[in-house]
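Engineer:
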Amino acid sequence: MALTAETESRLYRSLRVASGAAAHLVALGFPAAVAVLARPGSSECRWGRGRERGEGRMSQLTSLCPSLAGLFSWHPLLMALAFSFLMTEALLIFSPETSLLRSFSRKVRVRAHWALQLLALLCALLGLGIITYNKHLNGKGHFVTWHGLTGLLAVLYAGGQCAGGALLLYPKLMKNWTLAKLKLYHATSGLVGYLLGCASLMLGMCSLWFTTTVTGASWYLAMLCPLITSLVIMNQVSNAYLYRKRSQH
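FYI, in my numbering the residues of the sequence shown are 1 to 249.
1. Assuming I228 contacts V17 (C-beta within less than 8 Å), just tell me the rounded distance between them.
2. Going by DSSP in three states, R10 sits in which element: helix, strand or coil?
3. Would you call M174 buried or exposed, if buried means 16 or more other Cβ atoms sit within 10 Å of its Cβ?
4. Quick check on Y170: does DSSP put it in helix, strand or coil?
5. Please list, in chain order, all residues of the same chain as Q248 whose beta carbon is under 6 Å from its beta carbon, the five residues on each side excluded.
6. I need the DSSP call for F210, collapsed to helix, strand or coil.
7. So T150 packs on L196, CB below 8 Å; how close in whole Å?
8. Taking C-beta to C-beta, are A23 and V192 nearer than 9 Å?
9. Mind reading off the beta-carbon distance from G216 to H147? Whole number of angstroms is fine, and I expect it under 8 Å.
10. Between the stretch 178-190 and the stretch 158-169, can you find at least three pairs of beta-carbon atoms closer than 8 Å?
11. Alpha carbon to alpha carbon, how far is A80 from T4?
12. Please state the DSSP three-state secondary structure of H142.
13. Report the option in V108, Y170 and F85 whose CA atom is closest to the CA atom of A32.
14. Could you tell me how far apart the beta carbons of N134 and F94 are, in whole angstroms, since I believe they sit closer than 8 Å?
15. Considering only the alpha carbon of each residue, which of V34, S230 and L152 lies closest to L19?
16. For T88, which residues in the same chain have their Cβ closer than 6 Å to its Cβ, ignoring the five residues on either side in sequence?
17. Between C225 and L208, is the Cβ-Cβ spacing less than 9 Å?
18. Here's a check: name, in chain order, each residue in its chain whose Cβ is nearer than 6 Å to the Cβ of A82, leaving out the five neighbours to either side.
19. Taking all protein chains shown into account, decide if H136 is buried (16 or more other Cβ within 10 angstroms of its Cβ) or exposed.
20. What does the Cβ neighbour count give for Y194, buried or exposed, with the cut at 16 atoms within 10 Å?
21. Alpha carbon to alpha carbon, what distance is there between G29 and Y12?
22. Return the chain-ordered list of same chain residues with a C-beta closer than 8 Å to the C-beta of G141, the five sequence neighbours on each side being excluded.
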């Protein structure tokens with residue numbers, strides 16, 4: 001039995017509401033789980049214990065300064081907050097079905113988007129600085145893994161994206177570009193940056209610290225978290241800009 005156009009529309013809307021709600025839950029649940037695993041500021045973080053060699057340089061440093069033992073533990077939490085929670089919520093603000101601020105004006109939502117994006121960038125920069133300093137203490141190379149390179153690129157890209165977003169607040173600075181075109185380019189380039197951040201999180205879950213902390217089915221469930229939010233955000237941006245743009249031609 002064929003579905004009517006109205007029924008298909010309702011079904012599609014219901015699926016988008018359900019996926020958006022799932023994205024909200026995952027965006028908050030993932031960093032919360034990381035906080036439990038990493039125990040930020042605590043020497044219980046497995047990396048800080050020098051699990052790899054037992055008597056590495058880090059274990060010698062932490063015997064002199066116990067506070068250094070929990071230094072690494074802040075890195076996964078800050079990056080999870082940046083790319084899983086803050087950045088996801090900053091983009092979901094513009095979701096027509098599941099935005100937490102959908103009853104507010106677009107101006108309010110834009111300001112909230114800016115605030116969340118700046119907080120996400122701050123967390124990402126702090127996380128990057130912490131892991132860089134931690135590797136310096138351990139005498140290890142910087143950005144020599146795919147996770148490190150992707151994370152660095154994601155943080156730099158986020159900084160450039162925030163700077164580019166200023167053009168939407170002051171579109172008169174770009175006289176040769178229409179506001180609609182600026183929005184299109186900002187949304188599509190922002191999607192690329194968000195996917196970079198999610199890729200960095202997924203590569204981080206392949207690291208020694210995470211794979212020794214999370215095993216079995218739990219590891220696969222954790223890998224699904226950034227994948228779910230990525231699909232939801234991709235669908236939102238595609239429906240708002242790419243598909244609409246294509247239908248106009």
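Backbone N, C-alpha and C define an ideal beta-carbon position, used for all residues, glycine too.
Structural biologist: In short, the structure shows the following:
1. The pair is not a contact, with the Cβ atoms about 15 Å apart (cut-off 8 Å).
2. helix
3. exposed
4. coil
5. Low confidence applies here, because Q248 scores a pLDDT of 49, under 50, leaving its location unreliable and the question unanswered by this model.
6. helix
7. 6 Å
8. no
9. Actually they do not touch by this definition, with Cβ atoms about 21 Å apart.
10. yes
11. 42 Å
12. coil
13. F85
14. With 8 Å as the limit, N134 and F94 do not qualify as a contact, their Cβ atoms being about 36 Å apart.
15. Inspection of the sequence shows that residue 19 is occupied by Ser rather than by Leu. Of the candidates V34, S230 and L152, the one whose C-alpha sits nearest the C-alpha of S19 is S230.
16. A27 and T229
17. no
18. A120, C123 and A124
19. exposed
20. buried
21. 25 Å
22. K135
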